[in-house]
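Participant: Below are the C-alpha coordinates for one structure; questions will follow.
Numbering (this note's numbering), first residue to last: 1 to 155.
Structure, rendered in C-alpha coordinates:
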(Lines of atoms letter the chains of each structure in order from A and count residues from 1; the text may use other names and numbers.)
(Lines give C-alpha, C1' and ligand atoms only; values in the text may rest on other atoms or scores of the structure.)
Protein backbone atom coordinates (compact mmCIF):
# COMPACT_ATOMS: atom_id res chain seq x y z
CA UNK A 1 0.00 0.00 0.00
CA UNK A 2 2.88 2.40 0.77
CA UNK A 3 4.29 1.91 -2.72
CA UNK A 4 0.92 2.63 -4.28
CA UNK A 5 0.39 5.74 -2.13
CA UNK A 6 3.85 7.03 -3.02
CA UNK A 7 3.19 6.42 -6.69
CA UNK A 8 -0.13 8.27 -6.60
CA UNK A 9 1.12 11.20 -4.52
CA UNK A 10 4.34 11.83 -6.44
CA UNK A 11 3.38 11.19 -10.04
CA UNK A 12 1.87 13.34 -12.71
CA UNK A 13 -1.76 13.31 -13.71
CA UNK A 14 -3.10 11.02 -16.41
CA UNK A 15 -2.22 7.67 -14.79
CA UNK A 16 -4.17 4.44 -14.97
CA UNK A 17 -3.47 1.91 -12.23
CA UNK A 18 -5.08 -1.53 -11.82
CA UNK A 19 -5.49 -3.22 -8.42
CA UNK A 20 -5.89 -6.95 -9.02
CA UNK A 21 -6.56 -9.90 -6.74
CA UNK A 22 -8.35 -13.20 -6.57
CA UNK A 23 -12.04 -13.03 -5.54
CA UNK A 24 -12.46 -12.20 -1.85
CA UNK A 25 -8.88 -10.98 -1.29
CA UNK A 26 -9.78 -7.36 -0.60
CA UNK A 27 -9.83 -5.32 -3.80
CA UNK A 28 -12.70 -3.11 -2.59
CA UNK A 29 -11.26 -2.80 0.94
CA UNK A 30 -7.88 -1.79 -0.50
CA UNK A 31 -9.52 0.74 -2.84
CA UNK A 32 -11.48 2.27 0.06
CA UNK A 33 -8.39 2.42 2.31
CA UNK A 34 -6.51 4.06 -0.56
CA UNK A 35 -9.33 6.59 -1.11
CA UNK A 36 -9.41 7.49 2.59
CA UNK A 37 -5.64 7.92 2.83
CA UNK A 38 -5.44 10.07 -0.32
CA UNK A 39 -8.31 12.25 0.99
CA UNK A 40 -6.44 12.69 4.29
CA UNK A 41 -3.41 13.84 2.29
CA UNK A 42 -5.55 16.52 0.63
CA UNK A 43 -6.15 14.87 -2.75
CA UNK A 44 -9.53 15.33 -4.44
CA UNK A 45 -10.82 11.74 -4.42
CA UNK A 46 -13.89 10.40 -6.23
CA UNK A 47 -15.14 6.86 -5.62
CA UNK A 48 -17.53 4.93 -7.83
CA UNK A 49 -19.34 1.69 -7.02
CA UNK A 50 -22.26 -0.15 -8.59
CA UNK A 51 -24.04 -0.38 -5.24
CA UNK A 52 -26.92 2.09 -4.93
CA UNK A 53 -26.78 2.06 -1.16
CA UNK A 54 -23.28 1.95 0.33
CA UNK A 55 -22.00 -1.37 1.64
CA UNK A 56 -20.60 -1.56 5.17
CA UNK A 57 -17.13 -1.12 3.72
CA UNK A 58 -18.20 1.88 1.64
CA UNK A 59 -19.76 3.50 4.70
CA UNK A 60 -16.20 3.82 5.99
CA UNK A 61 -15.29 6.26 3.22
CA UNK A 62 -13.81 9.47 4.56
CA UNK A 63 -16.23 12.39 4.40
CA UNK A 64 -13.78 14.14 2.06
CA UNK A 65 -14.19 11.38 -0.54
CA UNK A 66 -16.87 12.19 -3.10
CA UNK A 67 -18.98 9.12 -3.86
CA UNK A 68 -20.15 9.18 -7.46
CA UNK A 69 -23.64 7.87 -8.02
CA UNK A 70 -24.08 9.04 -11.62
CA UNK A 71 -21.79 8.94 -14.62
CA UNK A 72 -20.24 12.35 -13.91
CA UNK A 73 -16.54 11.86 -14.49
CA UNK A 74 -14.55 14.38 -12.44
CA UNK A 75 -12.12 16.83 -14.00
CA UNK A 76 -9.47 16.69 -11.30
CA UNK A 77 -7.99 14.46 -8.62
CA UNK A 78 -8.14 10.69 -8.26
CA UNK A 79 -11.00 8.54 -9.55
CA UNK A 80 -11.28 5.13 -7.88
CA UNK A 81 -13.62 2.65 -9.57
CA UNK A 82 -14.34 -0.42 -7.45
CA UNK A 83 -14.74 -2.80 -10.39
CA UNK A 84 -13.52 -2.74 -13.97
CA UNK A 85 -16.96 -3.48 -15.35
CA UNK A 86 -18.34 -0.59 -13.24
CA UNK A 87 -15.98 1.65 -15.19
CA UNK A 88 -18.24 1.15 -18.21
CA UNK A 89 -21.01 2.80 -16.21
CA UNK A 90 -18.79 5.72 -15.22
CA UNK A 91 -17.79 6.33 -18.82
CA UNK A 92 -20.58 7.55 -21.02
CA UNK A 93 -18.45 6.30 -23.94
CA UNK A 94 -18.59 2.70 -22.77
CA UNK A 95 -21.44 0.26 -22.36
CA UNK A 96 -21.64 -2.42 -19.66
CA UNK A 97 -20.99 -5.10 -22.27
CA UNK A 98 -17.77 -3.45 -23.53
CA UNK A 99 -14.70 -5.67 -23.47
CA UNK A 100 -12.20 -5.20 -20.67
CA UNK A 101 -9.57 -4.00 -23.13
CA UNK A 102 -12.00 -1.41 -24.53
CA UNK A 103 -12.84 -0.17 -21.01
CA UNK A 104 -9.16 0.08 -20.03
CA UNK A 105 -8.42 1.90 -23.28
CA UNK A 106 -11.19 4.42 -22.65
CA UNK A 107 -10.14 4.88 -19.03
CA UNK A 108 -6.60 5.59 -20.19
CA UNK A 109 -7.91 8.18 -22.67
CA UNK A 110 -10.09 9.86 -20.01
CA UNK A 111 -7.16 9.92 -17.55
CA UNK A 112 -4.97 11.72 -20.07
CA UNK A 113 -7.68 14.10 -21.34
CA UNK A 114 -8.83 15.16 -17.87
CA UNK A 115 -5.53 14.91 -16.05
CA UNK A 116 -6.98 12.38 -13.61
CA UNK A 117 -5.25 9.58 -11.78
CA UNK A 118 -7.53 6.55 -12.15
CA UNK A 119 -7.39 3.41 -10.01
CA UNK A 120 -9.59 0.50 -11.06
CA UNK A 121 -9.98 -2.92 -9.42
CA UNK A 122 -10.50 -6.28 -11.08
CA UNK A 123 -9.87 -9.97 -10.62
CA UNK A 124 -6.32 -10.88 -11.57
CA UNK A 125 -6.16 -12.72 -14.92
CA UNK A 126 -4.50 -15.79 -13.45
CA UNK A 127 -7.46 -16.26 -11.09
CA UNK A 128 -10.36 -15.60 -13.44
CA UNK A 129 -12.39 -18.08 -15.37
CA UNK A 130 -11.11 -18.74 -18.86
CA UNK A 131 -14.07 -16.86 -20.29
CA UNK A 132 -13.32 -13.37 -18.94
CA UNK A 133 -9.64 -12.86 -18.12
CA UNK A 134 -8.02 -9.48 -18.75
CA UNK A 135 -5.63 -10.22 -21.58
CA UNK A 136 -2.02 -9.22 -20.94
CA UNK A 137 -2.50 -6.72 -23.76
CA UNK A 138 -5.14 -4.99 -21.63
CA UNK A 139 -2.86 -4.77 -18.60
CA UNK A 140 -0.22 -3.19 -20.82
CA UNK A 141 -2.57 -0.19 -21.10
CA UNK A 142 -2.05 0.49 -17.38
CA UNK A 143 0.82 2.51 -15.97
CA UNK A 144 1.03 0.09 -13.05
CA UNK A 145 -0.63 -3.16 -11.99
CA UNK A 146 -0.66 -4.10 -8.30
CA UNK A 147 -1.58 -7.60 -7.28
CA UNK A 148 -3.11 -7.84 -3.81
CA UNK A 149 -2.31 -11.11 -2.13
CA UNK A 150 -3.99 -12.25 1.04
CA UNK A 151 -1.42 -13.55 3.48
CA UNK A 152 -2.03 -16.93 5.07
CA UNK A 153 -2.16 -15.36 8.54
CA UNK A 154 -5.07 -13.13 7.37
CA UNK A 155 -7.29 -16.17 6.83
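The beta-carbon is built from N, C-alpha and C at its ideal position, and this holds for glycine as well.
Is residue 8 near residue 78, with beta carbons less than 8 Å apart?
Facilitator: yes
Participant: Taking C-beta to C-beta, are residue 106 and residue 75 nearer than 8 Å?
Facilitator: No; because the gap between Cβ atoms is not below 8 Å, this pair is not in contact.
Participant: May I ask you to list the residues that DSSP assigns as paired with residue 44?
Facilitator: Note: residue 44 sits in no beta bridge, so no partner.
Participant: Quick one: residues in its chain with C-beta nearer than 8 Å to the C-beta of residue 71, no 5 flanking neighbours on either side, listed in chain order?
Facilitator: 89, 90, 91 and 92
Participant: Hey, would you say residue 81 sits closer than 8 Å to residue 36, going by beta carbons?
Facilitator: no
Participant: Residue 117 by DSSP, collapsed to three states: which one?
Facilitator: strand
Participant: Using a Cβ-Cβ cutoff of less than 7 Å, which residues in the same chain neighbour residue 102 once the five nearest sequence positions on both sides are dropped?
Facilitator: 94
Participant: Taking Cβ positions, are residue 84 and residue 100 nearer each other than 8 Å?
Facilitator: In contact: residue 84 and residue 100 (Cβ atoms closer than 8 Å).
Participant: Give the range of the alpha helix (DSSP H) segment to which residue 87 is assigned.
Facilitator: 84–90
Participant: Since I believe residue 121 is in contact with residue 27 (beta carbons under 8 Å), could you give me their beta-carbon distance rounded to a whole number of angstroms?
Facilitator: 4 Å
Participant: As a quick exercise: from 112, 62, 61 and 47, pick the residue whose alpha carbon is nearest that of residue 86.
Facilitator: 47
Participant: Whose CA, out of 140, 60 and 69, lies closest to the CA of residue 31?
Facilitator: 60
Participant: Using a Cβ-Cβ cutoff of less than 8 Å, which residues in the same chain neighbour residue 148 once the five nearest sequence positions on both sides are dropped?
Facilitator: If the five residues before and after residue 148 are omitted, its C-beta is found closer than 8 Å to the C-beta atoms of 19, 20, 21, 25, 26, 27 and 30, all from its own chain and listed in chain order.
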